[in-house]
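Enquirer: Below are the structure tokens for one structure; questions will follow.
Numbering (this note's numbering), first residue to last: -12 to 337.
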């Protein structure tokens, strides 16, 4: 085990306290689907860009899932290496010991190739409570600084970045389904970079909701955009907002940017999660493509938080400025064009 604090290597048999600096390990790498504290911290650092970005629990959950999957699910490369070894070893036996003709190695190579493809494509179903338990266990001892929880601006002393932004009319209003997504966008200054007023469907943060109502009254043509998970709750979000008299949205033109089921179905590997992802969660995480509504009827959701902050902010900027649905063919084509000639972040959704 590698210590996240001093990076000293220590064998598991020597206990869960680092002999170098006294760091207390909290995750058991020997458990089924286990990872080390160092791997967990590396996942957090990768997600936050070494502290540059804030992220939601869904984003951390998805990142820990990817870390577990990488360790416990063999991909094409390791299987191919194993296949090469089996091929040469098998060829030596078939020709040397059994004196078979040269057709035997070709048949063996064909069978190995088929096996590698089938095994690498097999679904990896991880119990939904595994990443949740790891997050809770790690966070109970070591706070995760850049993790937002949808309560960051509940206290008056916690000022919204660039709060003076509310004094000027934005170019659009973006309503998020969840409070923590509003936190993530605000803390990463998405509102400032895109001139977008960000507020959650639960009227959070309250200064943003008050500004939203003021600007909508002053500017009747101000665009209103929605983003939400691909889930039963997400698909009902627009209807709930329109019928809520406090929002004053009835009769307004609203652009729903998704996630829409038809767009999620275009992903090669969507990440479907049970509605609950705490320690009591049942079911498994699935990454199987198919009919999105079938997953939704099974009380599963494809969250916005599947994408890491950097990739999400890039996709979201293009979506809100262009008024395009997330994961739509139009948006993905524009993203490929904008990424041409430089490092691509991709959509990040799967």
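Every residue gets a Cβ at the ideal spot worked out from N, C-alpha and C, and that includes glycine.
What you are looking at is a predicted structure, and each value in this text was computed from that prediction instead of being measured.
Less than 8 Å between the CB atoms is what I'm expecting for residue 200 and residue 178, so what's the real figure, rounded?
Expert: Not quite, the Cβ-Cβ distance comes to about 16 Å (not below 8 Å), so this is no contact.
Enquirer: Spatial neighbours of residue 349 within its chain, please: CB distance less than 6 Å, with the 5 preceding and 5 following residues excluded, ordered by chain position.
Expert: Because the chain is modelled from -12 through 337, residue 349 falls outside the range shown and cannot be assessed.
Enquirer: If we count the other Cβ atoms within 10 Å of its Cβ and call it buried at 16 or more, is residue 1 buried or exposed?
Expert: Classification of residue 1: exposed, given that the 10 Å Cβ count is below 16.
Enquirer: What does the Cβ neighbour count give for residue 223, buried or exposed, with the cut at 16 atoms within 10 Å?
Expert: Counting Cβ neighbours within 10 Å, residue 223 comes out exposed, since fewer than 16 surround it.
Enquirer: Where DSSP assigns a beta bridge to residue 338, which residues make up the other side?
Expert: Outside the shown range of the chain (-12 to 337) lies residue 338, about which nothing can therefore be said.
Enquirer: Rounding to the nearest angstrom, what Cα-Cα distance links residue 257 and residue 243 in this structure?
Expert: The alpha-carbon atoms of residue 257 and residue 243 are separated by roughly 20 Å.
Enquirer: Considering only residues of the same chain and omitting the five flanking positions on each side of residue -6, which have a CB-CB separation below 6 Å?
Expert: If we look at residue -6 and ignore the five residues flanking it on each side, it has no Cβ neighbours.
Enquirer: Is residue 134 closer than 8 Å to residue 44 when the C-beta atoms are compared?
Expert: In this structure, residue 134 lies closer than 8 Å to residue 44 by Cβ.
Enquirer: Within 10 angstroms of its Cβ, does residue 59 collect 16 or more other Cβ (buried), or is it exposed?
Expert: By the 10 Å Cβ count, residue 59 comes out exposed.
Enquirer: With a threshold of 8 Å on Cβ separation, who are the neighbours of residue 4 within its own chain once the five nearest residues in sequence on each side are excluded?
Expert: Only 10, 11, 12 meet the Cβ criterion.
Enquirer: Residue -12 to residue 158, Cα distance in whole Å?
Expert: If you take the alpha carbons of residue -12 and residue 158, they lie about 51 Å apart.
Enquirer: Look up residue 13 in the DSSP assignment and give the residues it is bridged to.
Expert: In DSSP, residue 13 forms no bridge with anything.
Enquirer: Please report the residue range of the alpha helix (DSSP H) in which residue 236 lies.
Expert: Residue 236 -> no alpha helix (DSSP H), and no H or E assigned at all.
Enquirer: Exposed or buried, what is residue 123 when buried is set at 16 or more other beta-carbons lying within 10 Å of its beta-carbon?
Expert: So residue 123 ends up on the exposed side.
Enquirer: Distance, Cα to Cα, residue 254 vs residue 41?
Expert: Approximately 25 Å, taken between the alpha carbons.
Enquirer: So the beta strand (DSSP E) residue 128 belongs to, where does it begin and stop?
Expert: Counting along the chain, residue 128 falls outside any beta strand (DSSP E), though it belongs to the alpha helix (DSSP H) covering 116 to 128.
Enquirer: From 15, 14, -3, 217, pick the residue whose C-alpha is nearest to that of residue 7; which is it?
Expert: Of 15, 14, -3, 217, the residue nearest in Cα terms is -3.
Enquirer: Is DSSP giving residue 159 helix, strand or coil here?
Expert: Three-state DSSP puts residue 159 in a strand.
Enquirer: In angstroms, rounded to a whole number, what distance separates the CA positions of residue 231 and residue 188?
Expert: The straight-line gap from Cα to Cα measures roughly 10 Å.
Enquirer: Give me the residue from 289, 182, 114 with the minimum Cα distance to residue 252.
Expert: If we check each option's Cα against that of residue 252, 289 comes out closest.
Enquirer: Go to residue 251, then tell me how far its alpha helix (DSSP H) extends in each direction, as first and last residue.
Expert: Where residue 251 is concerned, the enclosing alpha helix (DSSP H) stretches over 248 to 251.
Enquirer: In three-state DSSP terms, what is residue 288?
Expert: Residue 288: strand per DSSP, three-state reduction.
Enquirer: For the alpha helix (DSSP H) containing residue 184, name the first residue and the last one.
Expert: Per DSSP, residue 184 belongs to no alpha helix (DSSP H); it is in the beta strand (DSSP E), 183 to 187.
Enquirer: Does the separation of the CB atoms of residue 152 and residue 194 fall below 8 Å?
Expert: Taking 8 Å as the Cβ cut-off, residue 152 and residue 194 do not qualify as a contacting pair.
Enquirer: Per DSSP, what kind of secondary structure is residue 1 in: helix, strand or coil?
Expert: It is helical.
Enquirer: For residue 273, which beta-bridge partners are listed by DSSP?
Expert: 259, per the DSSP bridge assignment.
Enquirer: Would residue 35 be called buried (16 or more neighbouring beta carbons within 10 Å of its own) or exposed?
Expert: Buried is the call here.
Enquirer: Quick one: residues in its chain with C-beta nearer than 6 Å to the C-beta of residue 215, no 5 flanking neighbours on either side, listed in chain order?
Expert: Cβ within range, chain order: 164, 221, 224.
Enquirer: Specify, as a first and last residue, the run of the alpha helix (DSSP H) that residue 33 falls within.
Expert: That run of the alpha helix (DSSP H) goes 24 to 35.
Enquirer: Give me the Cα-Cα distance between residue 156 and residue 315, rounded to the nearest whole angstrom.
Expert: Going from the Cα of residue 156 to the Cα of residue 315 covers about 28 Å.
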